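Shown next, in structure tokens, is the structure this report addresses.
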Amino acid sequence: MKTNIIKACSDLGVDIDGSDIGPMVIAENLKSDKINKTITINKPKCNKSNDKNDLKKNLKEVNIFSKEIYNSVIETINNNFFPITIGGDHSVVIGSALGSKKINKNIGIIWIDAHLDYNTFETTITGNLHGLPLASLNGICEDLTNFFDGEYYNPKNTVVVGYRSKESNKEQELNNIKEMGVTVFDNEDIKKLGIEYVMNKAIDIACNNTDGMHISYDLDVIDASFAPGVSVKEEDGINLKTAYKIVDILKENISSIKSFDLVEYNPKYDINNKTLNIALTVLNRILENK
Ligand SMILES: [Mn+2]
């Protein structure tokens with residue numbers, strides 16, 4: 023199946039600049055005859071909020087942007103192409119994952135990330151909206167999804183892999199996610215159970231009584247010593263072998279994957295293109311096998 027690459031050029035979900043340039047740099051270096059076309063969606067022009075007390079930073083612009091990504095993913099699927107969305111900060115996935123859900127209807131989601139991204143407007147302490155997307159996809163941050171008229175992802179088919187954040191409000195976020203009934207495999211689970219067990223279990227849960235899944239791969243799941251080019255670094259992440267093993271297990275289940283994102287590449291912090299090369303390897307393995 024041929025792929026449409028959607029460049030989601032926005033960093034409006036985080037008060038650290040630079041991830042809006044990520045998709046341009048990745049797409050310039052991504053060469054494959056499996057690409058049908060590349061679509062560029064730029065963030066709306068605005069003065070990015072850096073007000074500490076603003077707990078809905080750039081909400082209006084994030085919504086405008088999400089809707090554009092959403093429409094682009096819907097059009098891609100309707101034309102029988104596979105959508106790969108390249109971020110951008112993780113808020114860009116609100117549009118991509120809901121676009122896929124709108125058309126594919128009965129699908130689950132795997133969120134591969136050092137962070138839960140499960141804050142709500144009640145629990146966020148920064149107002150950085152890239153901390154809310156997974157909660158939005160389960161339908162509990164409606165201000166972020168007012169363009170969406172479909173059914174949200176069922177928490178029973180929602181799985182996080184690789185969580186290890188030490189953010190100061192992590193207890194509230196963990197409460198939110200547990201209350202909703204989402205499955206979380208944290209970094210300790212990966213160490214204890216092995217990545218093969220964890221990923222296969224995650225796929226079982228996402229695909230249980232569904233027609234497939236959306237995959238969202240945040241590069242910060244990888245330890246920053248291997249992938250320094252991200253906006254929010256977390257220590258003690260997975261190594262490269264594990265990062266690629268995840269992709270290989272996804273490859274084995276490629277027919278179940280209905281849409282894919284790779285997010286949070288921030289070229290400003292990359293060293294010797296280390297993170298860029300990982301991003302290209304991940305995308306090539308998915309593209310070539312789809
Ligand atoms: Mn993250």
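Going left to right, the sequence shown walks through residues 23 to 312 as the numbering used here numbers them. Where is the CB? At the ideal position from N, CA and C, for every residue including glycine. Keep in mind that this is a model prediction, so the values were computed, not measured.
Segment limits, beta strand (DSSP E) that includes residue i
i, result
"F282", "279-285"
"D208", "205-208"
"K29", "25-31"
"V181", "180-185"
Residue range of the unbroken alpha helix (DSSP H) whose run includes residue i
i, result
"G44", "44-51"
"C229", "217-229"
"L196", "192-202"
"S158", "155-159"
Distance between beta carbons of residue j and residue i, contact taken as under 8 Å
i, j, result
"V114", "S187", "Going by Cβ atoms, the distance from V114 to S187 rounds to 19 Å, so no, they are not a contact pair."
"N141", "G153", "4 Å"
"A224", "V181", "4 Å"
"S71", "I116", "Between I116 and S71 the Cβ distance is about 18 Å, and since that is not below 8 Å, they are no contact."
"V36", "S253", "5 Å"
"G259", "D292", "That belief does not hold up - the Cβ atoms of G259 and D292 are roughly 16 Å apart, past 8 Å."
"I217", "T264", "5 Å"
"D233", "N128", "5 Å"
"H112", "P155", "5 Å"
"D283", "T62", "Going by Cβ atoms, the distance from D283 to T62 rounds to 16 Å, so no, they are not a contact pair."
"S54", "L262", "Rounded, the Cβ-Cβ distance is 21 Å, inconsistent with contact."
"N51", "L272", "N51 to L272, Cβ: 21 Å. No contact."
"I131", "A249", "Not really, about 22 Å apart at Cβ, beyond 8 Å."
"N160", "M202", "6 Å"
"V285", "L166", "Not really, about 16 Å apart at Cβ, beyond 8 Å."
"I105", "S122", "Rather than Ile, the amino acid found at residue 105 in this sequence is Pro. P105 to S122, Cβ: 7 Å. Contact."
Any non-hydrogen atom of ligand 3 closer than 7 Å to residue i Cβ
i, result
"E97", "In the structure shown, ligand 3 is absent; the only ligands present are ligand 1."
- prompt: Is the stretch 83-100 close to the stretch 128-136, with three or more CB pairs under 8 Å?
  reply: no
- Message: Tell me whether the stretch 162-176 and the stretch 208-224 touch, counting them as touching only if at least three CB pairs, one residue from each stretch, are closer than 8 Å.
- Response: no
Hey, which unbroken runs of the alpha helix (DSSP H) at 4 residues or more fall wholly within the stretch 87-153? 115-126
Taking only runs that begin and end inside the stretch 238-297, name each unbroken alpha helix (DSSP H) of 4 or more residues, in chain order.
262-274
So, does the stretch 75-87 touch the stretch 40-47, judging by three or more C-beta pairs under 8 Å? no
Fill in: the stretch 24-32 contacting the stretch 96-105, beta-carbon criterion three pairs below 8 Å
The way I'd put it, the stretch 24-32 does touch the stretch 96-105; three or more beta-carbon pairs between them come closer than 8 Å.
Suppose only complete runs of 3+ residues qualify. What are the beta strand (DSSP E) ranges in the stretch 52-89, listed by chain order? Listed in chain order, they are 57-64.
### Query
Given 8 Å as the limit, is there contact between the stretch 46-62 and the stretch 228-247, that is, 3 or more CB pairs closer than that?
no
Does the structure place the stretch 226-239 close enough to the stretch 268-287 that three or more beta carbon pairs sit under 8 Å? A contact exists between the stretch 268-287 and the stretch 226-239.
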